[in-house]
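Comments concern the structure below.
Chains as they are written, first to last, in the numbering used here: chain A, 12 to 272; chain B, 2 to 216.
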């Protein structure tokens, strides 16, 4: 369930393009035709699915404060967090290169369709952004990190596919001359982003708020219960004290006797 | 102008308006739009990019003859990443709150296409001084757009500029608010950044017809 939630969230709610504007450059530059857009989108999913888990491992075992524990006792205090940018981007650049080589070797047809886009991807903000968000959101497990990578890749793919289809159609419509090209693309993306905002209600509005409310009400109920029980305890204590006074008076002599003894 | 020849001035001036990296070359939108909900964050971001692009261009230009062309992208990325780490640490030390608002977007300066774009297009082929001017000019062009978007979004969305309530107090109903003016909170949300930028491009292109694209 956790996986499904994160998957859905990374595709629709925290969509790379519509919520955080990541990878806008290539999104705008390569979205003139659907076929090229599909190629780039597929490459982004692919690379995100590899680099996010990889950078998660790096973050977990090298970069976080105290992450170097596994090296031995003397390394516990190290905090290499400031190196994360350089390590992440190095991983991404090498992975992109590696993926390019592997794909070229084993699947020339895929290479031909992805080929031109792969080098572009190293400098796509969506890829680095995926890793940085993974780090700042403190995703707990490797599996979740992979899901997050794939999910945000699919979100990006959907976005570029949609805008490419719209741009192909809009060529035939009468856009004001000054808005043609870039301007209208921005405005359409804005409108699409407004549409995607409504997904925000599906998890946060529909799920989290009641949870907090539940928690609150539960807490209040607990408080009330506690109060009730407290008062009950108090009253019972009162009763007890009243009733136990006689007992006490009985037991006191005993104690006294004991003390005396 | 002893220091700056005419060509040098053009290097700085061109990218400010007619060849603006954001509105004309479609570069550097990635890390820009999300942080423009406040003017202050936009200004800091603009300064950060100015620093990184100015210095990065110089460094790359100095190394342009010794970088093997096959691995140049990785070399460029490492140079930018080092500069961005400096920016990030400085921000964390002197403006911690702001670095929280900018969050991952400081790191995303690394993949800001303006930077890689200028490295590829200019610094690899020109001397350090010209590269420096080119970097400053492009970063300033980027900054102008950023500040413009930030200005409108904060003014219309929150009724303030740099945190000062220039339109009066919405709760006590002073200034404009006593005439029934309301803040448009929608301006603070993500989609309006895109639409604001779209409108800026619209205005710019209708003022200068030469910039209009044909489909």
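All C-beta atoms, glycine included, are put in the ideal place defined by N, C-alpha and C.
Short CB-CB distance (under 8 Å) between residue i and chain B
i: residue 204/A; result: yes
i: residue 21/A; result: no
i: residue 59/A; result: no
i: residue 169/A; result: no
i: residue 216/A; result: Because residue 216/A carries a pLDDT of 45, less than 50, the predicted location of this residue cannot be relied on, and the following value inherits that uncertainty. No, no contact with chain B.
i: residue 155/A; result: no
i: residue 114/A; result: no
i: residue 133/A; result: yes
i: residue 208/A; result: yes
i: residue 39/A; result: yes
i: residue 140/A; result: yes
i: residue 35/A; result: yes
Cβ neighbour criterion (16 or more within 10 Å) applied to residue i
i: residue 76/A; result: exposed
i: residue 245/A; result: Any reading at residue 245/A is ruled out, since the residue's pLDDT is 46, under 50, leaving its predicted position unreliable.
i: residue 81/A; result: exposed
i: residue 91/B; result: exposed
i: residue 187/A; result: exposed
i: residue 182/A; result: exposed
i: residue 248/A; result: Bear in mind that a pLDDT of 47 at residue 248/A, under 50, signals an unreliable position, so the number given afterwards is only what the model happens to contain. Residue 248/A comes out exposed.
i: residue 113/A; result: exposed
i: residue 266/B; result: Outside the displayed range of chain B (2 to 216) lies residue 266/B, so it cannot be described from this structure.
i: residue 62/B; result: buried
i: residue 143/A; result: buried
i: residue 6/B; result: exposed
i: residue 46/A; result: exposed
i: residue 132/B; result: buried
i: residue 146/A; result: buried
i: residue 180/B; result: exposed
i: residue 17/A; result: buried
i: residue 30/B; result: buried
i: residue 66/A; result: buried
i: residue 13/A; result: exposed
Per-residue contacts from residue i into chain A (C-beta, under 7 Å)
i: residue 86/B; result: 93, 96 and 97
i: residue 207/B; result: 189
Under 8 Å from the C-beta of residue i: neighbouring residues of chain B
i: residue 147/A; result: 104 and 105
i: residue 175/A; result: Under the 8 Å cutoff, chain B gives no residues; its nearest Cβ is about 14 Å from residue 175/A.
i: residue 31/A; result: 35 and 191
Residue i at chain A interface by Cβ criterion, 8 Å
i: residue 28/B; result: yes
i: residue 108/B; result: yes
i: residue 70/B; result: no
i: residue 189/B; result: no
i: residue 129/B; result: no
i: residue 202/B; result: yes
i: residue 125/B; result: no
i: residue 119/B; result: no
i: residue 75/B; result: yes
Other residues of its chain near residue i: CB distance less than 6 Å, five sequence neighbours each side excluded
i: residue 175/B; result: 169
i: residue 205/B; result: 24
i: residue 171/A; result: 38, 42, 48 and 52
i: residue 22/A; result: 162, 165 and 166
i: residue 70/A; result: 146
i: residue 207/A; result: 26 and 29
i: residue 15/A; result: none
Amino acids of chain B, ordered along the chain, whose beta-carbon sits closer than 7 Å to that of residue i
i: residue 144/A; result: 105
i: residue 100/A; result: 78, 82 and 111
i: residue 104/A; result: 74, 75 and 78
Close Cβ partners of residue i (< 7 Å) along its chain, the five nearest in sequence each way excluded
i: residue 53/B; result: 81, 84, 85, 88, 110 and 116
i: residue 37/B; result: 43, 147, 150, 151, 154 and 194
i: residue 104/A; result: 133
i: residue 89/A; result: 79
i: residue 166/B; result: 160
i: residue 129/B; result: 59, 62 and 63
i: residue 233/A; result: Since pLDDT at residue 233/A reaches only 47, below the 50 mark, its modelled position is unreliable, and no value is offered.
Beta-carbon neighbours of residue i, restricted to chain E and to distances below 9 Å
i: residue 199/B; result: The displayed structure is made up of protein chains A and B, and chain E is not among them.
Same chain, Cβ closer than 8 Å to residue i, five either side skipped, listed in chain order
i: residue 1/B; result: Summary: the structure shown does not reach residue 1/B, with chain B confined to residues 2 through 216, and so no result is reported for it.
i: residue 74/B; result: 117
i: residue 99/B; result: 41, 42, 45 and 92
i: residue 158/B; result: 38, 184, 185, 186, 187, 188, 189 and 193
i: residue 162/B; result: 40, 152, 155 and 156
According to DSSP, residues forming a beta bridge with residue i
i: residue 143/A; result: The partner list for residue 143/A (beta bridge, DSSP) is empty, contrary to what the question assumes.
i: residue 165/B; result: 162/B
Under 8 Å by beta carbon: chain A residues contacting residue i
i: residue 196/B; result: 197, 198, 201 and 202
Within chain A, partners of residue i - CB distance below 9 Å
i: residue 90/B; result: 93
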